[in-house]
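My numbering applies: residue 2 is where the sequence shown begins, and numbers increase by one.
For reference, the structure discussed in these notes is given below.
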Amino acid sequence: MSPAVENVNDLTALVHLDEESIQRTLELRFQENQIYTTTGSILVALNPFERLPLYASATKDAYIAHGDRVAAGEKLDKMPPHVYTVADKSYRDMRTSSRPTSADDALPNQSILVSGESGAGKTETTKIVMEYLASVSAEATHDTSVDHDAVRHRVLESNPILEAFGNARTNRNNNSSRFGKFIRLGFNTSGVLLGASMSTYLLERVRLVSQAKGERNYHIFYELVRGGAPDLVADLGLTALADFKYLNQSGCYDRHDGVDDADQFTKTTHAMTTIGMSDDEQTAVMHLVAAVLHLGNLKFEAVPGHENNASRLVGGSPAATHLCNLLGVTMDSLEKSLCTRAIKTGRETVTASLDVKKADDCKEVLAKTIYGRLFDWLVDRINDSMNYEDTSVPDVDPTLRFIGIVDIFGFEIFPVNSLEQLCINFANEKLQQLFTKYVFEMEQDEYKAEQIPWTDIAFPTNQLVLNLFESRNGLFKLLDQQCILATGTDAALVRSYYNAFAIHPSFTATKLQQGRHLFSVLHYAAPVVYTVDGFCDKNKDHIHDEAIQLLSSSADTFVNGMFQDYFMLQVVEDTPSAVNPNRPRRSSGIMSSSVVMKFQRQMGNMLEVLQATSLHFIRCIKPNDELTPLAYDHPRVLEQLRCSGVVQAAQISRTGYPIRFPHASFQWRYRVLCPMKLPPTMMVPFLVNTFHLVDPADPRPPIQVGLSKVFLVFSAYETLNRESDRRLARSVVTIQKMARGTLVRRWVKRETARVVVVQSLIRRFLAKKMLLRLRAAERRRQQEQAEELVRQKLAQEKQAQIERDLQAAATATAALLVAKQREADALAAKQKQVDDEKERAQASAAAAAAMTIPSKEDEPSASPPVVPVVATNPPSGRGRSSYFNPQISFEQFDDDEEEYEVKWEQGMLGLYFGKDDVSGLPVVRRIHVHLSQCRDIRNVRVHDLLLQVGAKRLGGHETLRQTLEYLGSIPKPVVMVFQRNGHETAHELADNEFEVLWGKNEPLKVSFRMSMDHQMPFVSNVLSQVFVPTAQVRSGDLLTHINDKPTLQKSQVEVNRMLTQEPKPCVLRFRRLEPGSEPIPRSHRTSYTDYSSTKSLAETMSFAGSVGSSSSFRGSNVSVMTVPTQYSITWQADDGPLGLVIAPRLENYIEVVQVKDEGAAYAARQRHQVSKGDLMLYVNHDDIRDLGFQRAMHILKTAPKPLVLTFQKGSSQPPSTNTTGYSVHRASASH
């Protein structure tokens, strides 16, 4: 089990000072935005990749105030770790220290080493340190001098210039410093900032001519193109970024860190103005920057026909023109300096032509030389502006002091490592040696402070790796030797490496690596594989004399002055050596200084300065490669901790006493091993003797007691922990046994009480539930009993009413029959008396005539034939025919006519036409005499052809629809001509039959049910009578035919199909049964019984004559009894469901099929109102016929409650919009 994570400000306070503990502590602090942690005097800084509120003015003032109070002698707690802490300590140490007079005296000059890999935050940390030192010098000394304030501003304003010309975007960092720098801030003894000086190291000049995918060139190029004034950009001949070879190779043009290049160019020019650069100087600098871009666009071509492959500039190049104008040279001199080369052999000079590739290489060397010289000039210009005298040089004012800030590149391991990485890692090896020596000395100083007996021992060192680089035949020396040789190549160099270092412990090269010209160096951080491709060219990196002479002879004074003393500066920088002037030179002279030689010399000078100062270390760590906040990559952080030496510092501490406890913590930690409460000085010998902690192989005492801490070797620490864990384990088992016993007994007692409580609650719940169930059952029984009594009482009352109604109906019927019989008998007697009188009169007249014989002249004329008189009443003995009107005789027509005319005056014609298959003319299919208002309708026969309508003669080509539309539209009266083609007359209806015309697009408004007795449908309910012309349909009438198709023995489904599929208009034939014999629906039987017993026959039977015809039933109109039986119920939200099962009716109403014992219909306020068979008429006063069944069901399901529903009892007739009802034609008896 891993120990708990400790959040400590100082890693040396960790009990376990190992990699895992350091990692866990750093991650915990990083997640809490505590990015600074110390390990002794070393500050570890993790880059948060976001702005944190750690650098506000109030925070900076708090650290300055704390430093002032501590400097005044106050005893205060340490401030939290911060970069301000390191800067403040270096400033305070500089002020309080004097020139050392002995080895133990503190050094007055200070150095702050800021290291870390690209993207770790070194540049930002350096700027923060410089800003704090400038602020603390002003606050601590109360310096208000204008000159000193200007110097402070110039010191801070140097950063934007160096970033613009020395920083670039890489795949690891959006603002990566591509050079190392050592900044010296000068102070007097009072702590006033006097100025600064700066030295730079190993500018990455190869970036000018090539960049990796996704990286950029130096920022200044993009800032100038995007942020320069339009006039300036035009004068420099600059266009889009993609137009320049040195900018478009990687495909990346933006920084990706939110910084705008145009805004940054404004800051850069402002910084130049601040350090005192004139407008002319700034313009000259921008001319050289643009010249580098144009130089990259130069192209060469081979000279045709030249035997030495000579080259020349491609003619007409705008880049060459702009370049000559910017450098102040001519086109010929430019081409000569780049395409030729002067070789001196003895006292003669030979000019050799260069091929295209060598000319292009010369161009790139010239570009790197111009930019490198410009960068050096800017650094010198910054140093001049800060007006500082370097105190690291002898023979200067001894009262001046400085604080050096080293911003050096961190240890680098890339997929492909070249000469640049070799030099950078060599620098880190040198600094690591210095760091190791410093850390180990710091470790020994702590033992001395705690007064622990200590013998100095040798500490681990990386001297073997440094010897590999710096020895007489080391890596750098062999590289310089290859560069001097005319035949020196990279392949020869790597072979010399394999031969010279075959057995070196820090150098390895496998067979596979040797085949690829690779080798490995075992650095202190990790092994690194290098490729020697390009080593020689990069190490030479010198320019031909012709190119320098071209620049030094420039017409531009700025360019001329910058390169006039170029060779002099190279010689001054080199170590003096005897050179024979008469010795032949390979090219422009002996390679006075290689890259590695210059770099070694610079590193040596810097280390001499650092060793003469008090050192402070800041290790910058990059927590992840995605540059995202709060992301902590353990392997990457561990790699950087090892490269920066933080882990090695922990390893160095392990060579002494790595485990340290304050006295109180030690006593508390190991109290279980010492039963007596003893002080540490007595407790330690007891523990050493009891647990045999002395290791014969280790001369060190296992435990040492210091003034405030107890120091342990790792073996003693592990032994004490193991014994402590064992005793604690035994104690824990005993404590657990007692605790578990106590807990179990408490649990049993508590659970027993709970069980009793639960049992009582369950019993009470069951008893209460049973009581409620019994009460509910009793209430239901009583309610059912009361309901049964009410139903029985209602049934008795209804049965009594039915009996009374039947009795009254029977009495009324008998009285009516008696009255009719008496009336008929009186009429017959009267007729008989009239006949007798006529007979007697005729007999008397005959007798008188017989007695007198008239003469011939006196003979009267013949009288007309006697027309028989049709009796107005039938004989009384005709049974049920006495209910109907007398017969009507019709005019007889000649059946032999071929063509005849029919005059249609008005109303309905009463003919059903089809289309004749032979002639195509309209043919009569059916004749409905009793529906017709045409007087000549009886002359028409079935199958007769319609020839002419009015003046229009019909043809076989016309459709039946066109003919019918013409018949409907022609004005009446009209004469129609028919051709006799059949002899079948119109069907004569029986006395009790009548027909109804069901028009097109008209609702039927009649519901049917099947009669089991008659095996045909009968009218179960009549809802409306709007369209029938002469009579009324009533409940109980049988539907016998639909368009002359019988319904006898048809099923309900077949009848419904006939009603639906028969073409409209449709003729429905009904048969009326005698009163009392009609089929009555079960739900309607009571209503019809009421009708037959409460109305007399004369009141209930009536027939209205039709227009143009006198045919009717004998008697009056037949009307259906109307009883107002509508009622309403309310459906509220708390009623739940409606409680009804409903179904649609043909007449668009909704019928109640079932009434449930729940829901709104069963609510106490309206229970027993709705019955099976009732019709729902309205929903919220909206007629269901208008809504339609689907819409009505949707409203019932989704409409908000309450709803008002209106019903009609099933035995009643639904409401109608026509109060007069409708009539049907009846035929009278014709026999």
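Backbone N, C-alpha and C fix where the C-beta goes; we use that ideal spot for every residue, glycine too.
- Boundaries for Gly-181: no alpha helix (DSSP H) harbours it, while the beta strand (DSSP E) harbouring it runs 181-188, taken from the DSSP string.
- Excluding five sequence positions before and after Val-975, the CB atoms of its chain that fall closer than 6 angstroms to its own CB belong to Trp-905, Gly-951, given in chain order.
- Exclusion of the five residues before and after Glu-164 leaves no residue of its chain whose Cβ lies closer than 6 angstroms to its Cβ.
- One alpha carbon belongs to Gln-834, the other to Leu-828, and they sit about 10 angstroms apart.
- When DSSP states are grouped into helix, strand and coil, Cys-363 belongs to the helix group.
- Between Phe-662 and Cys-675, the C-beta gap is not smaller than 8 angstroms, which leaves the two residues out of contact.
- By alpha-carbon distance to Val-560, the top candidate from Asp-481, Lys-973, Gly-911, Leu-327 is Leu-327.
- Pairing Glu-985 with His-944 gives a Cβ-Cβ distance under 8 angstroms.
- Going by beta carbons, Arg-155 and Thr-275 fall inside the 8 angstroms limit.
- Three or more pairs of CB atoms, one per stretch, sit closer than 8 angstroms, so the segment 529-539 contacts the segment 413-420.
- Contact check for Asp-11 against Thr-39 passes: the beta carbons are separated by less than 8 angstroms.
- In this model, Met-287 and Ser-112 are separated by some 35 angstroms (Cα to Cα).
- Excluding five sequence positions before and after Tyr-64, the CB atoms of its chain that fall closer than 8 angstroms to its own CB belong to Met-80, His-83, Tyr-85, Thr-86, Asp-89, Tyr-133, given in chain order.
- Taking 8 angstroms as the upper bound for CB-CB distance, Glu-216 and Arg-179 are not in contact here, some 10 angstroms apart.
- Annotated three-state conformation of Phe-766 is helix, per DSSP.
- Of all alpha-carbon atoms in Arg-1058, Glu-1075, Pro-1080, Leu-1040, the one lying nearest the alpha-carbon of Val-1068 is that of Leu-1040.
- With respect to the 8 angstroms criterion, Leu-947 and Ser-920 are not classified as neighbours on the basis of their beta carbons.
- In the DSSP annotation of this structure, Trp-999 is not part of any alpha helix (DSSP H); the continuous beta strand (DSSP E) holding it starts and ends at 994-999.
- The criterion of a C-beta distance shorter than 8 angstroms is satisfied by Asn-298 and Phe-245.
- Leu-225 and Ala-235 have their C-alpha atoms roughly 11 angstroms apart.
- Going by DSSP, Trp-455 is part of no beta strand (DSSP E) at all; its letter is neither H nor E.
- Listed in chain order, the non-local C-beta contacts of Leu-339 below 6 angstroms within the same chain comprise Ala-360, Cys-363, Lys-364, local neighbours out to five positions each way being set aside.
- Only residues of its own chain outside the window of five on either side were considered, and among them Val-351, Ala-353 have a CB closer than 6 angstroms to the CB of Ile-344, listed in chain order.
- Here DSSP, grouped into helix, strand and coil, assigns Asp-1045 to coil.
- The beta carbon of Met-1011 sits closer than 7 angstroms to the beta carbons of Pro-1018, Gln-1053 from its chain, once the five residues preceding and following it are set aside; these are given in chain order.
- According to the DSSP assignment, Tyr-223 belongs to the alpha helix (DSSP H) that extends over 220-228.
- Per the DSSP secondary-structure output, Asp-1184 pairs in a beta bridge with Tyr-1179.
- Collapsing the DSSP output to three states places Arg-954 in a strand.
- Residue range 1067-1072 is occupied by the beta strand (DSSP E) that includes Cys-1067, with no alpha helix (DSSP H) assigned at that position.
- In the DSSP assignment, Ala-63 falls within the unbroken alpha helix (DSSP H) covering 58-72.
- In the DSSP annotation of this structure, the continuous segment of the beta strand (DSSP E) that includes Glu-349 starts and ends at 349-354.
- Under the three-pair Cβ rule at 8 angstroms, the segment 416-433 does not count as touching the segment 291-310.
- Here Pro-681 really is in contact with Val-711; their C-beta atoms are around 6 angstroms apart, less than 8 angstroms.
- Cβ-Cβ distances below 7 angstroms link Lys-61 to Tyr-85, Tyr-133, Ser-136 in the same chain, with the five nearest sequence neighbours on each side left out; the list follows chain order.
- Gly-196 and Gln-483 have their alpha carbons spaced roughly 43 angstroms apart.
- With a cut-off of 8 angstroms on Cβ pairs, the segment 1153-1165 is in contact with the segment 1123-1141, counting three or more such pairs.
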